[in-house]
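Below is one structure; the comments refer to it alone.
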Amino acid sequence: MYFKKIYMHGFKSFAEPVTIEFNDGITCIVGPNGSGKSNISDALRWVLGEQSPKALRGGKMDEVIFAGTASRKSRGMAEVTLTIDNSTGILPIDYNEVAITRRMYRSGQSEYLINNNQCRLRDIRELIMDTGIGVDGYSIIGQGKIADIVSNKPESRREIFEEAAGIVMYRTKKEDVEKKLASSNANLERVNDIVSEIEGRIGNLKEDSEKATQYLELRDRYRDLEVNITLKNIENIELKMEYLKDDIAEANVQIEGFKEEKLEIDKASSESRVRSEALETLTNESQAKLIAVIDEINTLVNRSEVNRERIIAIDDNRSRLSLEIEALSERLEKEREGAEGLIADKEKIDDELKRLDEILKEQVSKYEEMTKVLGDEAASIDEQRSSIYELHSKAQTKRAEAGSLENLKATLAERKAALIAEKEEAHTARADAERVRSEEAGKQKELASGFEKKKEEVRNLTSKYNDSLLEEKTFAKNLEDLRISIGQLTGRKKTMEEMEASYEGYNHAVRYIMKSGLAGIDGVVAELMSVPSGYETAIETALGAALQNIVCADDMSAKKAISLLKENRAGRLTFLPIASIKGSVNKDSKVTSAKGFIGYGCDCIEFDAKYRNVFEYLLGRTVVVKNMDDAIALSKTSGNGLRFVTLEGEVIMSSGAITGGKHKNTTGNLLERKAEITKLEAEITEKTKERDSVIEKLSDIRKFIETAQSDISKLGDEAKNIEMDLIMCQNRLEIAESVLADLEAADAKNESELSRIEEESAKSEALIRALREEADEAEKTIEETTELASAAMEVYEQKKEVVSEINEEIIRARMAVTACEEQKNSADSLVARVNTQIADFENQIAEKTAESGNLLAQRNEI
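Mapping of the sequence shown onto the working numbering: residues -17 to 844, in sequence order.
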C-alpha cells in the first residue's frame, strides 16, 4: 500500500487544479522557501481528516481555501483527493485503488467521499486506522515532527508505537465499548433507582388504583343518570313544543305583515346605504395608509437603533485595531533597531574573519616550507641509520655465523658421542616399544566396548527425559487451566456471596429492613430455606412474591419493622411472625399415591425446624408433581383446596384454573443463589483436589527431569572420559608403532651420519676464521657513520621544535576562524529570523490597517 497521487484544487496556494504523481522512489519533497512544500503535507493531513486549524498552520479552518491575490480571484471551495494503491488489500475495502476526497465551502459545509461515494469522517478514520497514514500517523513526517516525537511524553510516543503495531483500532473499539458499558451501567443504576422508588410507591399506587376504579364506577352511574334526566327533559320539551305550534302560526301571520312594511322601509334606506358605503370605503383607505406610515416609522426607528449599535461596535473595533497597530509598530521599530545592530556586528565579524584567514595562510605556507626541509633532512638521517643498521646487521650476522659454526662443531662432537650411545639404547627401546604396542591393543578393545555401552545408556535416558519434558508441558498447561478455572469459580462464588450479603435482587423495602439491624428479624423466606436442584422453578412459582416475605420472631417485631418502613417511606412488606403464624399440611393418601406425585411443597425443601409453621403456612397446601398432565388429573380427584405445581412452573388449582407460560427469571436467582454457592464450593474443592494432584505429579516429573539431567550429564561425562581414554590409547598405540619404525630407520642413518660429521667439522674451522675478520671491519665502519648521524640528528630536532610551534599557531588560528565562522552563522540566522519577524509584523500591521479601513467603510455606509 502506498500513496499513488494527490489532486488539489483551491487548497491554500494551489488555486488551479494540480495533480502530483508519487512514483516509485519518492520519499520526500524538497524546494525553496515559499514553494508550497508544507502545503502538500498539509493537504495530506487535511484530506485524511485533520480538524485542527493550528495543525494546518492557520487560525480558522476556512483559511485552507485559496484567498486570492491582486491578480487572481479567491476560490469558494477547497478540494483534495488522495489516491491510495490497495493492491495488497491492507485497507479493509474491496478496491485496488481507494480515492479519499474532502471538500470544504466558504459556508462552512464539508463533504467526505470514498471512491466518489459520500461518507462520514468516522468512516475514513476507521478505514485508515492502524495503517500509519492517519492524521497522527508516523508515515508523514512534517517540519519539526521528529523533534516533537523525541521530546514528547512517553504516553504520546506510545501512541505512535500502537499505531505501528496495529492495535489502535482495537483500543478505540475497546474505549467505545467501555463508554457504552459505563453508560449502560449508569442506565441500569437509574433503572434500579426508579424500580426501587416505584416499589416503595406500589402501596400508594394500589390505593390510588382502587380509588380510580371506584371513580370509574361512579362516573358510569353518573352518565346513566344524566342520560335518564336528558330523556325526561326531552319529553317535557316535546310537550311544550305542541303548545308553541299555535303561537307560531299566529306569529307567521304577523310576520307577513311585517315583511310588507319592511319592503317599503328598504326602498327608503337603500339610498342612505350607498352614501354610507362610500364614506366607509374612504375611511378604510385612510386607516390603511395611516397604519402603513406607522409601520414604516417603526421600521426606520429599529433600523436606526441597529445601525447605531453597529457604529458603536465598529468604533470599538477600530479603537482596538489602532491600539494593536501602535503596539505592533513599536515592536517593529525595536526589531528594526535590533536588526541594524546585528548587521553591524556581522560586518565586524566578517572583517575579523578576513584578518584571521590571512594570518592562517601565512602560517600554513611557513609550515609547509619547514616541513619540506625537515622531510629532506629526515630522509638523509634515515639513510645513515639504514646504513648503520645494515653494517651492524652484517657484523652480527658474521659473528652469529661464526658462533653457529663453533656451536655446530661442538654439536657434531656431541652428536658423534650421542650416536654411539643411541645405537646401544635403540636395542633396549625396541623391546620396550613392542611390549607397549601389545598392551595398548588389548586396552583399546576393552575401552571400545565400554564406550558403546555408555552411549546406549545415554540414548535411553535421553529418550525418557524428552518424554518427561512433553509430559511436564502437558501437566503445566493442565495446572494453568485449573488455576484459571479455580480463579473464575472463586470470583463467581465471591460475587454470589456479596450479592447474598447485600440482598441483591430483593426489593428496596427488604434491603432496607435487613440492613437496618432491627432485633427480632430472622431473615427473608428465600434465604431461610434450601431448594434441591431441579425444584427451583416449582418452588419459585408456588411462593411467588412470598419469596420476599420477612420472617420475624413475633408480632411486636413485625410492628416495629412496619413503623420503620412508614417513617422512612421505604415501601411495604409482608411479615411472618414465628410466634403467631400457623401452618398445616393436610396430606391426602389419594394425592400421595397418585401418578406423578413428588411431595408437598414444604417437604421438598430444607429449613430449620423452628420455621416449620412458616413454611407449612406457605407451602402446606401446595403439591409438587412431575408434569402438567399429572397435575390436571390430580386436581380433578382432589377437592380440599390444594394447588398443584409442576417442575416446569405450571400451576393447576383444584378449582380447575391453570396458570402457565415462561418465567422472566426475575426472582429465580433468589432461590438458586444458595444452591449455586454450594455448587461452586463443591466445584472449587474438586478443582483444588485435581490441581493438588496435578501439582504432585508435576513435582514428581520435575524431580525426575532434574535427576535425569544430572544422570545424562554424568553419563555423558563418563562416555567422554572413556572416549578420551580410547583416543589416548589409540595415540599410544600409534606412537609405539611409530617408535619401532623410527628405531629401525635410525640404525641405518647413524652409520652415514658419523662419517658426515667428520667432514663438516673440518669445514667449519676454516669458515669461522674468515667470518670473524669480516665482522671486525664492519664494526669499525659503524663507529664512523654513527658520529655523522648524531650531528645531523641534533640539527633535525631543533628544526622540528620550530615546526611544532608553527603547527600550534596554525591550530589556534583555525580555532579562531571556526569560532568566528560560528559567530557569523549565528548572526546570519539571527538576522534572518529578525527579518522574518519584521516582515510578519509588517504583514500584521497591513492586515489590521486594512481591517480598520474596512470597518471605516462599513461605518460610512451605515
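Think of the CB as a built atom: it goes at the ideal place given N, C-alpha and C, for glycine as much as any other residue. All values reported here derive from a predicted model rather than from experimental measurement.
Thinking C-beta only, is residue j closer than 8 Å to residue i?
i: Pro559; j: Asp537; result: yes
i: Ile659; j: Met478; result: yes
i: Phe(-4); j: Ile66; result: no
i: Ala613; j: Phe626; result: yes
i: Tyr94; j: Ile75; result: no
i: Leu749; j: Leu394; result: no
i: Lys391; j: Ser734; result: no
i: Leu529; j: Val513; result: no
i: Glu462; j: Ile683; result: no
i: Met511; j: Ile587; result: yes
i: Gly602; j: Ser566; result: yes
i: Phe48; j: Arg57; result: yes
i: Ser450; j: Phe686; result: yes
i: Gly432; j: Ile704; result: yes
i: Leu845; j: Glu665; result: Lying before the first or after the last residue shown, residue 845 is absent from the chain, which here runs from -17 to 844.
i: Val46; j: Ala37; result: no
i: Leu547; j: Leu555; result: yes
i: Glu404; j: Ala701; result: no
i: Leu624; j: Ala576; result: no
i: Ile848; j: Val346; result: Lying before the first or after the last residue shown, residue 848 is absent from the chain, which here runs from -17 to 844.
i: Lys669; j: Ser467; result: yes
i: Ala520; j: Thr628; result: yes
i: Ser384; j: Arg796; result: Position check: residue 384 holds Ala in this sequence, whereas Ser was assumed. Contact: no.
i: Leu662; j: Arg474; result: yes
i: Ile110; j: Leu30; result: yes
i: Tyr447; j: Ala168; result: no
i: Gln805; j: Ile331; result: yes
Determine the burial state of residue i: buried for a count of at least 16 other Cβ atoms within 10 Å of its Cβ, exposed for fewer.
i: Asn68; result: buried
i: Gly583; result: buried
i: Leu525; result: buried
i: Thr113; result: buried
i: Glu598; result: buried
i: Asp504; result: buried
i: Ser834; result: buried
i: Thr1; result: exposed
i: Thr574; result: exposed
i: Thr265; result: Its pLDDT being 47, under 50, Thr265 is placed unreliably by the model, and nothing is read from it.
i: Arg380; result: The amino acid occupying residue 380 in the given sequence is Lys; Arg does not appear at that position. Label assigned to Lys380: buried.
i: Ala839; result: exposed
i: Lys214; result: exposed
i: Glu434; result: exposed
i: Arg27; result: buried
i: Ile563; result: buried
i: Ile22; result: buried
i: Lys193; result: exposed
i: Tyr204; result: exposed
i: Ala814; result: exposed
i: Val275; result: Any answer about Val275 is weak, because its pLDDT of 49 lies below 50 and its placement is not dependable; what the coordinates show is given next. That one is exposed.
DSSP has residue i in a bridge; who is on the other side?
i: Phe626; result: Val605, Ile634
i: Lys(-13); result: Glu3, Thr65
i: Leu847; result: Not covered by the structure: residue 847. The range shown for the chain is -17 to 844.
i: Gly583; result: In the DSSP output, where bridge partners are listed per residue, Gly583 has none listed.
i: Val506; result: Ile532
i: Thr641; result: Val633
i: Glu588; result: Ser512
i: Met496; result: DSSP output for Met496 lists no bridge partner at all.
i: Ile47; result: Phe(-7)
i: Ala458; result: Partner(s): none; Ala458 has no beta bridge.
i: Met59; result: Tyr87
Please look up how many angstroms separate the CB atoms of residue i and residue j, rounded, as I've assumed it's under 8 Å.
i: Thr51; j: Thr83; result: Going by Cβ atoms, the distance from Thr51 to Thr83 rounds to 26 Å, so no, they are not a contact pair.
i: Glu439; j: Leu697; result: 5 Å
i: Ile363; j: Ala723; result: Between Ala723 and Ile363 the Cβ distance is about 59 Å, and since that is not below 8 Å, they are no contact.
i: Leu401; j: Asn732; result: 5 Å
i: Ile544; j: Val492; result: Not quite, the Cβ-Cβ distance comes to about 13 Å (not below 8 Å), so this is no contact.
i: Ser515; j: Asp570; result: No, Ser515 and Asp570 are not in contact; Cβ-Cβ is about 27 Å, not under 8 Å.
Would you say residue i reaches chain C, if we count a Cβ-Cβ gap shorter than 8 Å as a contact?
i: Glu833; result: Absent here is chain C; the protein component of the structure consists of one chain.
Next item on the list: Could you tell me which uninterrupted alpha helix (DSSP H) segments, each at least 4 residues in length, are contained entirely in the segment 520 to 567, listed from first to last along the chain?
Entry: Qualifying alpha helix (DSSP H) stretches, in chain order: 537 to 549.
Margin query: Suppose only complete runs of 3+ residues qualify. What are the beta strand (DSSP E) ranges in the segment -8 to 23, listed by chain order?
Written below: Within the segment -8 to 23, the runs of beta strand (DSSP E) at least 3 residues long that lie entirely inside it are, in chain order, 0 to 3.
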